[in-house]
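Here is the structure we will look at.
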Amino acid sequence: MPTSEAEGFAVRTFDYDRADGRWSVPQLPNLDSPRTLVLAFGASAFLDQPNALVELASAYPRSVVVGCSTAGEVHGTVVRDDSLAVTVTRFERTDLEQASMEVSGPEQSYLAGQTLARKLLAGKPGLRGVLVLSDGLAVNGSELVRGLNSVFDETIVVTGGLSGDGTSFARTWVSVGASLRRNVVAAVGFYGDHVVIGHASKGGWDKFGPERVVTRAEGNVLYELDGKPALALYKEYLGEKARDLPASGLLFPLSLRASANDEKVLVRTILAVDHERSSLTFAGDIPKGALAQLMKADFDRLIGGASLAGAMSSETQATDVSEEALVVAISCVGRRLVLGDRTEEEVEAVRDALAPTLRPHITGFYSYGEISPYATGHCDLHNQTMTLTTFRESRLPLPRPVAGGGERRPHRAPLLRYAPVHQRRLRRCRNTSPLERPLRLRTRASSNVRRARACSQPRRVRAERR
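Heads up: the sequence shown runs through residues -3 to 462, numbered per my numbering.
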């Protein structure tokens, strides 16, 4: 029986341990209403044992209940596996609508984006934002985003991610209510003049090697760079780790830009490899003629990128806004592979960046692709980023944004700087290449280890705005 809760905007987070078969709370929060959003992010194994999600949907029959599989679940500042991270958010002045569609394959991705967008626009007036959760293997993320953008104008904030399956890349699911299915895309619309949505997406990877021209590609399948097989290039950089493709390919994402004069850079990550055709399948499109460049990890820049995303997503021009906030953090599985034992530091960096102005309730997952506007305007598909979306409510109605400018202003994010990392930790990280570590997802082993590491955490210093 859910526990009773006071009225108003409220966010509660809890989790379910699949091994123990238990919830982390004695009773589920009593926040069921037509304006309640229940997000559930969990292991791919729930596809075989969906009892926890069935129980969750039963406890919130009037709410919008959606979720997806992950490459790691974010519970506050803790990253876990084989669990279900749940957040229940009851809005006071914001209406919600849910839409979903099953796809037969990547060729229906554009249609799925269009269909979901039209359903949400027809559902209620005053659509302000959309959260998208998509199958991570059967959907071309770039085409899904293109379909959404063909219907939505730039005043509607669209964010979300592609579901994951650890480093297995075998099966992913999306849930709507009590139903868990593969090959599904779900979207939630947020309506009204009181919802305040912040967003940001940042990477932190370093480019290396020459820029190469994409000379042969079809959709999200890459065949050649500078007239040479792209798979051979990846194998050259990976060495012995090439046998672990596609997982090991996450250590070297690909940056893309349309031309030498284009400052807009998107990152793409590998989903699959075809050795017979010497091709690489990415989470998003690889346009022919684009400039591509390999990227590699910089530990502290990855964590710094997460912190910068946190600072950007908390900015708002609205007044009289609640301090309490739902924060959906969607990061890439490749970042987790690279960061290893330091994975939770990027979530902690997000928390630290948000904490000065918000009371953040952080939930989310490690994904196969992230969806967010590049800065402002239409959304893009990103890979290898930390993408954040914050949801709050304003007591006063907000002015309606106008396409092409109007009330929407570009982000001017505060500059963040960091004190030097402890020399011993820095030396350890430099001496340990990501390629030398086993390709598995790791979490901190015990509270004792967590406390010991906390003593050596770098002190983050937020600089004054210029």
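Note that CB positions come from ideal geometry on N, CA and C, so glycine has one too.
The structure presented is a predicted model; accordingly, all values stated were derived computationally and were not measured.
Minimum Cα-Cα distance from Phe37 among the listed residues Ala113, Leu49 and Pro30 corresponds to Leu49. Considering only Thr168, Leu247 and Ala268, the residue with the shortest C-alpha distance to Val217 is Ala268. In this structure, DSSP gives Ile282 a state outside helix and strand, which the three-state scheme calls coil. Excluding the 5 residues flanking it on each side, Gln110 has same chain C-beta neighbours closer than 7 Å at Gly143, Ser146 and Val147, in chain order. In this structure, DSSP gives Lys198 an extended state, which the three-state scheme calls strand. Unbroken alpha helix (DSSP H) runs of no fewer than 4 residues, entirely contained in the region 117 to 186, are found at 137 to 147, following chain order. Inclusion of Val172 and Gln94 in the CB contact set at 8 Å is warranted, their separation being smaller than that value. Scanning its chain for C-beta atoms nearer than 6 Å, with the 5 sequence neighbours on each side dropped, one finds around His357 the residues Val7, Thr9 and Leu322, in chain order. Met291 and Gly223 have their alpha carbons spaced roughly 20 Å apart.
The three-state secondary structure of Gly63, taken from DSSP, is strand. The distance from the Cβ of Ala134 to that of Gly101 is about 6 Å, consistent with a contact at the 8 Å cut-off. According to DSSP, residue pairing for Gly365 in a beta bridge involves Leu158.
Straight through space, the alpha carbons of Arg273 and Ala351 are spaced by roughly 49 Å.
Around the beta-carbon of Asp270, fewer than 16 other beta-carbon atoms lie within 10 Å, marking it exposed. Straight-line measurement puts the Cα of Glu319 at about 5 Å from the Cα of Leu354. Ser40 and Trp169 do touch by the CB rule: their CB atoms are close to 7 Å apart, below 8 Å. For the pair Tyr370 and Asp376, the Cα-to-Cα distance works out to about 6 Å. Around Val141, the same chain offers Gly109, Ile367, Cys375, Asp376 and Leu377 as residues with beta carbons nearer than 7 Å, after the five sequence neighbours per side are excluded. By the beta-carbon neighbour count (other beta carbons within 10 angstroms, threshold 16), Gly199 is buried. The beta carbons of Leu127 and Thr85 sit no closer together than 8 Å. Of all alpha-carbon atoms in Glu214, Ala254 and Leu221, the one lying nearest the alpha-carbon of Ala279 is that of Glu214. Going by DSSP, Leu49 is part of the alpha helix (DSSP H) stretching over Asn47 to Ala55. In the three-state scheme derived from DSSP, where H, G and I count as helix and E and B as strand, Phe10 is classed as strand. For the 8 Å CB-CB criterion, Arg124 and Val191 form a contact. Ala183 and Arg396 have their C-alpha atoms spaced approximately 22 Å apart. Across the set Asp281, Ser390 and Thr385, the C-alpha of Thr385 shows the shortest separation from the C-alpha of Ser327.
The C-alpha of Leu116 lies about 44 Å from the C-alpha of Leu234. The three-state secondary structure of Pro225, taken from DSSP, is strand.
One Cα belongs to Gly336, the other to Leu246, and the distance between them is close to 13 Å.
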